[in-house]
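Report on the following structure.
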Ligand code: ARG
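In our numbering, the protein residues as written are 1152 to 1742.
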């Protein structure tokens, strides 16, 4: 469906034209004085300059022209030349009825679907997931779902960190602990065991131990670097161990992501990109893009207009070793080859912004991407505790994702129990569903680039701008719909989605909120901004609750009126459900 603002603008533009003014002045926006009107057009002010007339005169002419338009119930010219607009309730009811009868609730699928790879999650093998990884997972998943809802081909890639020193560290630590393992026997020629020589909890203990040790013991670090080198050069026993580490780790990661309702189309790894490096390096040299500087191979990426120092992008160190950015560039080569994407979006901690600027420029300059391929960086801020410092456990340690989730669920369970009418089992299950909404909404309702305070108490509240409040609203609607169905002998909802003109201010406000759905969805995608979805559903939920408190739906005797309200509720519920789905959570049936 056409966006409501566009429909209004077309009507106003016609009036400008008929009055002899350039129709480009007919820009319409939501009102910034909702107490006075719903929409406004300020075009008479700039038009006044061109036509050398008082703005109020032009505004008056436009308003006179709009007299009799069936779209508006009120248009008024006010000083110095604003045009205040209110929609006609019949027109609004038609629009809302139209939304209800459309599969995508008035949203249009895009006419030119893009292939977009979204690089998010970014966990590192064998290192436990911590809250930093949570943001990437939550934000990336939401962007992916928003794009998909609008019809784009969204491909999520977890881009697993499996190629760094951490692998050598783990292998070296294992060797110290269990030197007799067959993987360390150079003369071994048989098949290696299928079973890994460690569990995930052992692995999670081994990595921090090894990392700690390497900081104190330079010899150990040297050995770990050597092991990394041997692994990267294909030493058989090390490769077999690495495979075990990978499998154990990936299984655990998948479970964790599943609990978050986050999933990836691709489980690509940094190691997968390595095969593309030699050819890429040769190409960059031959093309004259890369040159040797102090023994290292680099690509200059500074530009004349730079206001800050952008260092060259290093492709190979002087000892020939590749780096984090070599892997990222090779990954771009691989992605172009396998998927030829129109866009790649990276959802990574904003502290890596400069790094990505280098990588992007290097990719563009060396033409490993198409001229029209977009590389976008969505940097997110830090999640802090109430003390304003990066989020920690109560004991002061690094907060693990699992613990954070279980803390939230526990708090949610307590709150659900306060007015509990359900079995303990159901309360637990509901706490899990609602808990996820608390975490995700708490994160997504902030602009991604900003730091935010993780406040368990606030996030789990049923009141205010929170996930549980939104779910509570949906559950409330579900319960009214169920009562209505019961009242009508279990009848399913009508095919006819017609809604009657609003009978009250609060009903009209609810309808006006609903009309924003399609444009909101598009702009949250264009701006890569899930917080816009949150802001929209918060206003929508507020508008609904106000209407609900003022309207007796179930006891309404006029059956036509009642059915119209039920349709309005049904649409509100569907819009809210689509929105929470793109945010990455669901509503329970009761709570
Ligand atoms: N594994 C990295 C980290 O934990 C994040 C990876 C981000 N994505 C990328 N293509 N570099 O910091």
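From the three backbone atoms N, C-alpha and C, an ideal C-beta is built for every residue, glycine too. Here the structure is a predicted model, which means the values were calculated and not measured.
Cβ-heavy atom distance, residue i to the ligand ARG, below 7 Å
| i | result |
| --- | --- |
| residue 1597 | no |
| residue 1275 | yes |
| residue 1558 | no |
| residue 1434 | no |
| residue 1497 | yes |
| residue 1479 | yes |
| residue 1310 | yes |
| residue 1522 | no |
| residue 1423 | no |
| residue 1403 | no |
| residue 1270 | yes |
Enclosing alpha helix (DSSP H) for residue i [first to last residue]
| i | result |
| --- | --- |
| residue 1438 | Per DSSP, residue 1438 belongs to no alpha helix (DSSP H) and is neither H nor E. |
| residue 1403 | 1387-1410 |
| residue 1291 | 1282-1300 |
| residue 1590 | 1575-1595 |
| residue 1363 | 1351-1367 |
| residue 1771 | The shown model of the chain, from 1152 to 1742, leaves out residue 1771, and the question about it has no answer. |
| residue 1181 | That residue, residue 1181, is in no alpha helix (DSSP H); its beta strand (DSSP E) goes 1179-1181. |
| residue 1663 | 1656-1666 |
| residue 1563 | 1552-1569 |
| residue 1175 | Here residue 1175 belongs to no alpha helix (DSSP H), and DSSP marks it neither H nor E. |
| residue 1730 | 1710-1734 |
| residue 1422 | 1421-1424 |
| residue 1609 | 1607-1610 |
Residue i - containing beta strand (DSSP E), residue span
| i | result |
| --- | --- |
| residue 1450 | 1447-1450 |
| residue 1167 | First-last for residue 1167: 1155-1169, but that is the alpha helix (DSSP H), not the beta strand (DSSP E). |
| residue 1528 | 1525-1531 |
Assigned exposure category for residue i - 16 Cβ within 10 Å defines buried
| i | result |
| --- | --- |
| residue 1310 | buried |
| residue 1222 | buried |
| residue 1489 | exposed |
| residue 1678 | exposed |
| residue 1270 | buried |
| residue 1329 | exposed |
| residue 1308 | buried |
| residue 1183 | exposed |
| residue 1293 | buried |
| residue 1467 | buried |
| residue 1505 | exposed |
| residue 1453 | exposed |
| residue 1540 | exposed |
| residue 1469 | exposed |
| residue 1491 | exposed |
| residue 1274 | buried |
| residue 1164 | buried |
| residue 1288 | buried |
| residue 1426 | exposed |
| residue 1682 | buried |
| residue 1435 | buried |
| residue 1619 | buried |
| residue 1545 | exposed |
| residue 1534 | buried |
| residue 1429 | exposed |
| residue 1272 | buried |
| residue 1705 | exposed |
| residue 1581 | buried |
Residue i at chain B interface by Cβ criterion, 8 Å
| i | result |
| --- | --- |
| residue 1534 | No chain B appears in the structure shown, which is made up of a single protein chain. |
heavy atom of the ligand ZN below 7 Å from residue i C-beta
| i | result |
| --- | --- |
| residue 1329 | In terms of ligand content, the structure shown lacks the ligand ZN and carries the ligand ARG instead. |
- Query: Going along the chain, which unbroken runs of the beta strand (DSSP E) with 3 or more residues stay wholly within the stretch 1435-1522?
  - Reply: The qualifying runs are 1441-1444, 1447-1450, 1464-1467 and 1494-1500.
- Query: In chain order, which beta strand (DSSP E) runs of at least 3 residues are fully inside the stretch 1297-1328?
  - Reply: Taken in chain order, the whole beta strand (DSSP E) runs of length 3 or more contained in the stretch 1297-1328 are 1304-1308.
- Query: Which runs of the alpha helix (DSSP H) spanning at least 4 residues fall entirely within the stretch 1620-1645, listed in chain order?
  - Reply: Runs of the alpha helix (DSSP H) inside the stretch 1620-1645: none found.
- Message: Extract the residue ranges of the alpha helix (DSSP H) inside the stretch 1192-1269, only unbroken runs of 4 or more that lie entirely within it.
- Response: DSSP runs (the alpha helix (DSSP H)) wholly in the stretch 1192-1269: 1195-1202, 1206-1217 and 1240-1252.
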